[in-house]
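Residue numbering for the sequence shown follows UniProt numbering, starting at 1 and increasing by one per position.
First the structure, in the form of structure tokens, and then the observations on it.
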Amino acid sequence: MRRPLIGLPTYYGRGQFGVWDRDAAFLPSVYVTAVTRAGGRVVLLPPEDPWTLNEVAELDGIILTGGDDVDPALYDAQAHPRTQVPNVRRDSFETSLYRHARSANVPVFAICRGAQIVNTVHRGSLHQHLPDVGGYGAHEAEKKDEFAEVAVRIVPDTAVSDLLGTGATVRCHHHQAIDRLGDGLIVSARSEDGCIEALETPDGSMLAVQWHPEETLEDLRLFAGLVAAATQRMSTPRTTPETATPETNAEAHR
């Protein structure tokens with residue numbers, strides 16, 4: 001049997017390689033390594049023209065990757081002074097990708113920014129700067145390119161608990177977080193200060209974490225869970241997916 005094909009969105013930025021200094025499509029290689037070691041194949045998805053519903057249905061799984069802040073317009077908010085300038089192109093591409101994945105029953109694993117994209121598509125909202133929200137501790141390291149160690153408590157009888165058990169210490173780097181939980185989602189883990197650190201759909205076909213599991217390649221359980229779900233989907237007879245409804249905040253923004 002072939003290995004499942006997992007789509008990973010990338011983003012555009014300035015890259016230097018050899019004698020060249022030009023725009024490039026980026027994604028930290030740890031994402032690719034994690035999926036490959038877990039038994040999947042990777043296809044990188046630059047944020048160009050949106051994929052159609054039938055094209056997304058050709059994938060066996062999708063990982064919504066980390067990155068910059070989500071556009072506050074996706075949840076009808078004004079930008080906080082500490083919120084980054086939105087990457088509207090990437091936001092549009094990934095919200096469309098996620099909605100099509102849900103319609104085509106493609107398993108989704110969302111990481112950090114990806115979890116926030118999922119929550120906004122489900123009509124949830126975000127805290128735009130956790131240090132301004134009373135009661136929350138540090139969820140990002142003070143130094144660039146470093147991660148905060150955060151203990152999380154996992155809700156029993158969830159997809160996350162099936163993979164990780166009752167708790168874990170995870171690597172976080174986020175100054176934003178889930179505020180109002182989106183429709184049709186459940187919380188599956190919280191940090192000790194109460195911040196939502198994982199969420200999922202009740203059937204477990206979408207699982208999202210606010211931390212960065214790709215940064216701990218010695219523990220691939222979350223990636224293995226996606227690869228297992230993608231492998232199961234490969235063996236399931238497929239029908240032509242129907243167009244997704246209803247409209248979400250993300251679709252209206254796009």
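Just so you know, even glycine gets a beta-carbon here, dropped at the ideal spot from N, CA and C.
If you're wondering where the values come from, they're calculated on a predicted model, not measured in any experiment.
- Taking the C-beta atoms as reference points, residue 97 is found no nearer than 9 angstroms to residue 182.
- Secondary-structure assignment with DSSP links residue 4 through no beta bridge to anything.
- Residue environment analysis places residue 223 among the buried positions, since at least 16 neighbouring C-beta atoms fall within 10 angstroms of its C-beta.
- When C-alpha distances from residue 89 are compared across 154, 107 and 13, the shortest belongs to 13.
- With a threshold of 16 other beta carbon atoms within 10 Å, residue 232 falls short and is exposed.
- When DSSP states are grouped into helix, strand and coil, residue 147 belongs to the coil group.
- Of the residues assessed, residue 169 falls on the exposed side of the cut-off, its CB having fewer than 16 other CB atoms within 10 angstroms.
- Look at residue 12 here: in three-state DSSP terms it is strand.
- The Cβ atoms of residue 172 and residue 148 sit closer than 9 angstroms to each other.
- Only exposed fits residue 17, as fewer than 16 other CB atoms lie within 10 angstroms of its CB.
- Spatial neighbours of residue 61 in its own chain (CB-CB distance under 8 angstroms, excluding positions within 5 residues in sequence) are listed in chain order as 4, 5, 6, 7, 40, 106, 107, 108, 109, 226, 227, 229, 230 and 233.
- By the criterion of at least three beta-carbon pairs nearer than 8 angstroms, the region 68-83 is not in contact with the region 17-29.
- Shown here, residue 101 sits in a helix according to DSSP, grouped into three states.
- Listed in chain order, the non-local C-beta contacts of residue 215 below 8 angstroms within the same chain comprise 30, 147 and 171, local neighbours out to five positions each way being set aside.
- For residue 200, the secondary structure class from DSSP, reduced to helix, strand or coil, is strand.
- Ranked by Cα distance from residue 155, the options 121, 125 and 192 are led by 192.
- In the DSSP assignment, the residues bridged to residue 109 are 63 and 207.
- Cβ-Cβ distances below 6 angstroms link residue 11 to 26, 67 and 90 in the same chain, with the five nearest sequence neighbours on each side left out; the list follows chain order.
- Closest option to residue 76, judged by alpha-carbon separation, among 125, 36 and 47: 125.
- The residue from 210, 195 and 50 with its alpha-carbon nearest to that of residue 131 is 195.
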